[in-house]
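This note's numbering numbers the first residue of the sequence shown as 1213 and each following residue consecutively.
The structure appears below as structure tokens.
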Amino acid sequence: GLCSTSARVPRQLLLASSSTDHAFVPNAMLSLLSTRVVASTALLLTPSMSTARTAVRRSSGVRASLETETDKAFYSIGFNVGRQLSDFAACEPAEIDSVLAGIRECLLGDEPQVPLSEYVPKAMTLLGEKQAKVAEAMAAKGAETLAAAAKEEGAVQTASGLVVQTLSEGKGDAPTRESTVKVHYEGQLVDGSIFDSSYRRGEPIEFPLSGVIAGWTEGLQLMKPGGKAKLTIPSDIAYGERGSPPAIPPKATLIFQVELLEVVS
1213 GLCSTSARVP
1223 RQLLLASSST
1233 DHAFVPNAML
1243 SLLSTRVVAS
1253 TALLLTPSMS
1263 TARTAVRRSS
1273 GVRASLETET
1283 DKAFYSIGFN
1293 VGRQLSDFAA
1303 CEPAEIDSVL
1313 AGIRECLLGD
1323 EPQVPLSEYV
1333 PKAMTLLGEK
1343 QAKVAEAMAA
1353 KGAETLAAAA
1363 KEEGAVQTAS
1373 GLVVQTLSEG
1383 KGDAPTREST
1393 VKVHYEGQLV
1403 DGSIFDSSYR
1413 RGEPIEFPLS
1423 GVIAGWTEGL
1433 QLMKPGGKAK
1443 LTIPSDIAYG
1453 ERGSPPAIPP
1463 KATLIFQVEL
1473 LEVVS
């Protein structure tokens, strides 16, 4: 989660130029079998996956038995597929079950029960409306979080909207935009869910300040080596209107605990 100067385009169901029903295919079914754990989801130039879940757990009518090792293996593939389809997180359980029914019938070679050329565009409109509602709710909660953070003892809000609360002072020269720094950090959404943590991985990370989200570039320059701070970052200097699915929703305010261990260069 933290990085990237370029927002990831949300995954969608593509409407192929062909008018035939079978031409509509998911665009997100890439690297579905990969189990590689990314060293950092926050500080790379390309946003990566996180196992953090921001939605409230909701019951679905679809259940797997998971009685055998084979059951568990194929279930894990399905879970990985779900991570690639985070656009549907705004849907209700019954709607997700309809999506799963369509996937199942397609994989089993059945013909679609409805004309895809008519209903895929309808689905995309409905999905867009649901995602917009979720994004607006996230933006409102983010504004509340920023306002509360700015009132905390020792907090300073900059012109960009970034709120910096110094937890412990460091010493020496602060980094510049051109610096490479070594940090420990933990990132949370406004609901308290952790989407990335170098503490959990057990090792700090080094990165150039010019290669991360603007809120980090600004915030780290207000710290000194050995210092620790809480950064509350508004979405427009984080991942903006698109977010970085599935870890970071659209218009998400981010909260980081950051230790600046060293200015490397």
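For glycine and all other residues, C-beta sits at the position ideal for the given N, C-alpha and C.
This one's a predicted model, so the numbers in the text were calculated from it and none came from an experiment.
*Determine, using beta carbons only, whether residue 1375 and residue 1355 come nearer to each other than 8 Å.*
Taking the sequence shown and counting its residues from 1, the one referred to as residue 1375 is at position 163. Taking the sequence shown and counting its residues from 1, the one referred to as residue 1355 is at position 143. Taking a C-beta distance under 8 Å as the contact criterion, residue 1375 and residue 1355 do not qualify as a contact pair.
_Cross-strand partners of residue 1470 (DSSP beta bridge)_ = Taking the sequence shown and counting its residues from 1, the one referred to as residue 1470 is at position 258. Its beta-bridge partners are 1397 and 1441.
*Would you list, in sequence order, the uninterrupted beta strand (DSSP E) runs of no fewer than 3 residues that lie entirely inside the stretch 1364–1397?*
As for any beta strand (DSSP E) of minimum length 3 sitting wholly inside the stretch 1364–1397, the runs are 1367–1369 and 1375–1380, ordered along the chain.
*Any idea if residue 1470 is buried or exposed, counting beta-carbon neighbours within 10 angstroms, 16 or more meaning buried?*
Along the sequence shown, one-based indexing puts residue 1470 at 258. Buried, since its Cβ has 16 or more Cβ neighbours within 10 Å.
*Around the Cβ of residue 1459, are there at least 16 other Cβ atoms within 10 angstroms (buried) or fewer (exposed)?*
Here residue 1459 corresponds to residue number 247 of the sequence shown, with the count starting at 1. That one is buried.
*Can you tell me the Cα-Cα spacing of residue 1290 and residue 1346, whole angstroms?*
Your numbering for residue 1290 matches position 78 in the sequence shown. Your numbering for residue 1346 matches position 134 in the sequence shown. For residue 1290 and residue 1346, the gap between their C-alpha atoms comes out near 25 Å.
*Can you tell me whether DSSP reads residue 1298 as helix, strand or coil?*
Against the sequence shown, residue 1298 aligns to sequence position 86. Helix, per DSSP.
*asked:* Counting C-beta neighbours from all protein chains within 10 Å, is the total for residue 1385 16 or more, i.e. buried, or is it exposed?
replied: Within the sequence shown, residue 1385 is the residue found at index 173, counting from 1. So residue 1385 counts as exposed.
*Those runs of the alpha helix (DSSP H) which lie wholly inside the stretch 1308–1368 and span at least 4 residues*: You should have 1328–1362.
_Proximity test, residue 1388 beta-carbon vs the ligand GTP heavy atom, cut-off 7 Å_ = Of the ligands one can find in the structure shown there are none, so the ligand GTP has no counterpart to examine.
*For residue 1456, three-class secondary structure by DSSP*: Against the sequence shown, residue 1456 aligns to sequence position 244. If DSSP states are grouped into helix, strand and coil, residue 1456 belongs with the strands.
_Assigned exposure category for residue 1310 - 16 Cβ within 10 Å defines buried_ = The sequence position of residue 1310 within the sequence shown is 98, counting from 1. Per the 10 Å Cβ criterion, exposed.
_Using only the alpha-carbon positions, how far apart do residue 1416 and residue 1472 sit?_
Within the sequence shown, the letter at position 204 stands for residue 1416. Within the sequence shown, the letter at position 260 stands for residue 1472. Cα-Cα distance, rounded: 10 Å.
*asked:* For a test of the three-state rule: what should DSSP assign to residue 1408, helix, strand or coil?
replied: Locating residue 1408 in the sequence shown gives position 196, counting from the first residue. Three-state DSSP puts residue 1408 in a strand.
*Within its chain, find whatever has a CB closer than 8 Å to the CB of residue 1422; leave out the 5 residues flanking it on each side and keep chain order.*
The count along the sequence shown starts at 1 and reaches residue 1422 at position 210. Sequence-distant Cβ neighbours of residue 1422 in its own chain, meaning closer than 8 Å and more than five residues away, are 1389, 1390 and 1429.
*asked:* Please classify residue 1320 as buried or exposed, where buried requires at least 16 neighbouring CB atoms within 10 angstroms.
replied: Translated into the one-based positions of the sequence shown, residue 1320 becomes position 108. When all chains shown are included, residue 1320 counts as exposed.
*To the nearest angstrom, report how far apart residue 1447 and residue 1341 are at their CA atoms.*
Within the sequence shown, residue 1447 is the residue found at index 235, counting from 1. Within the sequence shown, residue 1341 is the residue found at index 129, counting from 1. Between residue 1447 and residue 1341, the C-alpha separation is close to 20 Å.
*Hey, would you say residue 1276 sits closer than 8 Å to residue 1287, going by beta carbons?*
Indexing the sequence shown from 1 puts residue 1276 at position 64. Indexing the sequence shown from 1 puts residue 1287 at position 75. The Cβ atoms of residue 1276 and residue 1287 sit closer than 8 Å to each other.
*Over the uninterrupted beta strand (DSSP E) stretch that includes residue 1418, give me the two end residues.*
The sequence position of residue 1418 within the sequence shown is 206, counting from 1. Following the DSSP letters along the chain, one finds residue 1418 inside the beta strand (DSSP E) bounded by residues 1417–1420.
*Return the first residue and the last residue of the alpha helix (DSSP H) that residue 1430 is part of.*
Taking the sequence shown and counting its residues from 1, the one referred to as residue 1430 is at position 218. Run containing residue 1430: 1426–1432, per the alpha helix (DSSP H) assignment.
*Which residues in the same chain as residue 1350 place their Cβ atom closer than 6 Å to its Cβ, once the five residues preceding and following it in sequence are excluded?*
Mapped onto the sequence shown, residue 1350 falls at position 138. The residues are 1461, 1463 and 1464.
_Own chain partners of residue 1358 with C-beta closer than 7 Å, once the 5 adjacent residues on each side are dropped_ = Indexing the sequence shown from 1 puts residue 1358 at position 146. Within the same chain, residue 1358 has close Cβ partners 1373, 1375, 1444, 1446 and 1465.
*Can you tell which of 1420, 1368, 1436 and 1440 has its C-alpha closest to the C-alpha of residue 1398?*
By one-based count along the sequence shown, residue 1398 stands at place 186. Ranking the options by Cα distance to residue 1398, first place goes to 1440.
*Among 1339, 1449, 1328 and 1295, which one has its Cα closest to the Cα of residue 1307?*
In the sequence shown, the residue the question calls residue 1307 occupies position 95. The option with the nearest alpha carbon to residue 1307 is 1339.
*Would you decide whether residue 1325 is buried or exposed? Buried here means 16 or more other CB atoms lie within 10 Å of its CB.*
The sequence position of residue 1325 within the sequence shown is 113, counting from 1. Residue 1325 is exposed by the Cβ-count criterion.
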